[in-house]
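A.B. asks: Below you'll find the structure I mean.
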Amino acid sequence: MTLLESIVALVIVGVFAVSCLELFQTVTVGARDSTDWATAVAYAEMEMETAKVGGAAAASTYPVNRGFTTTSVRTQIHAGLAEIVVIVRFPRGGRFELRRLVESP
């Protein structure tokens, strides 16, 4: 095997190794993002149930675990009908918004 063949083989192996590492990094970021989305949905549903049952105030914002922040807003639409909007902000930017219409006294 000549020196040129050895260098070409090393370049091919290097390109393959870099592409495998790049694929691993992409999969890891995707898994982290899906975990953030699942956590945000869980926090939004929990806050929505609290607002529906407890008749939350017109607006409230507070931090929850791992850097997430929830904001809930209750708006009276008509007599007997209110809209609750829950917004969850992610620690690395982004947000999830959940809206529900509920009966109000």
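Here the sequence shown is numbered in the numbering used here, starting from 5 and rising by one per residue.
Even glycine gets a Cβ: it sits at the ideal position worked out from N, Cα and C.
(1) By the three-class DSSP mapping on this structure, what secondary structure does residue 78 have?
(2) Determine, using beta carbons only, whether residue 47 and residue 30 come nearer to each other than 8 Å.
(3) Taking residue 96 as part of the beta strand (DSSP E), name the residues at either end of that continuous run.
(4) Relative to the C-alpha of residue 67, which candidate in 90, 22, 82, 17 has its C-alpha closest?
(5) Using the beta-carbon count (16 or more within 10 Å), is residue 76 buried or exposed?
(6) Measure the beta-carbon distance from residue 106 to residue 86 and round it to whole angstroms, keeping in mind my assumption that it falls under 8 Å.
(7) With DSSP as the reference, identify every bridge partner of residue 65, one or two as the case may be.
(8) Under three-state DSSP, which class holds residue 86?
(9) Going by alpha carbons, who is nearest to residue 71 out of 40, 23, 104, 17?
(10) How about residue 55 and residue 16: are their beta carbons less than 8 Å apart?
C.D. replies: According to the structure data:
(1) Counting from 1 along the sequence shown, the entry for residue 78 is found at position 74. Correct three-state label for residue 78: strand.
(2) What you label residue 47 is simply residue 43 of the sequence shown in a count that begins at 1. What you label residue 30 is simply residue 26 of the sequence shown in a count that begins at 1. Not closer than 8 Å, so no.
(3) The residue labelled residue 96 in the question sits at position 92 within the sequence shown. Segment: none, residue 96 is in no beta strand (DSSP E) and carries neither H nor E.
(4) By 1-based counting over the sequence shown, the position of residue 67 is 63. When each option's Cα is compared against that of residue 67, the closest is 90.
(5) Residue 76 sits at position 72 when you count from the first residue of the sequence shown. Under this definition residue 76 is a buried residue.
(6) By 1-based counting over the sequence shown, the position of residue 106 is 102. By 1-based counting over the sequence shown, the position of residue 86 is 82. Yes, residue 106 and residue 86 are in contact; Cβ-Cβ is about 6 Å, under 8 Å.
(7) Numbered from its first residue, the sequence shown carries residue 65 at position 61. In the DSSP output, where bridge partners are listed per residue, residue 65 has 75.
(8) The residue given as residue 86 occupies position 82 in the sequence shown. DSSP places residue 86 in strand when its eight states are reduced to three.
(9) If you number the sequence shown from 1, residue 71 lands on position 67. Here the closest residue by C-alpha is 40.
(10) As a first step, residue 55 must be located in the sequence shown, where it is residue number 51. As a first step, residue 16 must be located in the sequence shown, where it is residue number 12. Against a cut-off of 8 Å, the Cβ pair of residue 16 and residue 55 comes out as no contact.
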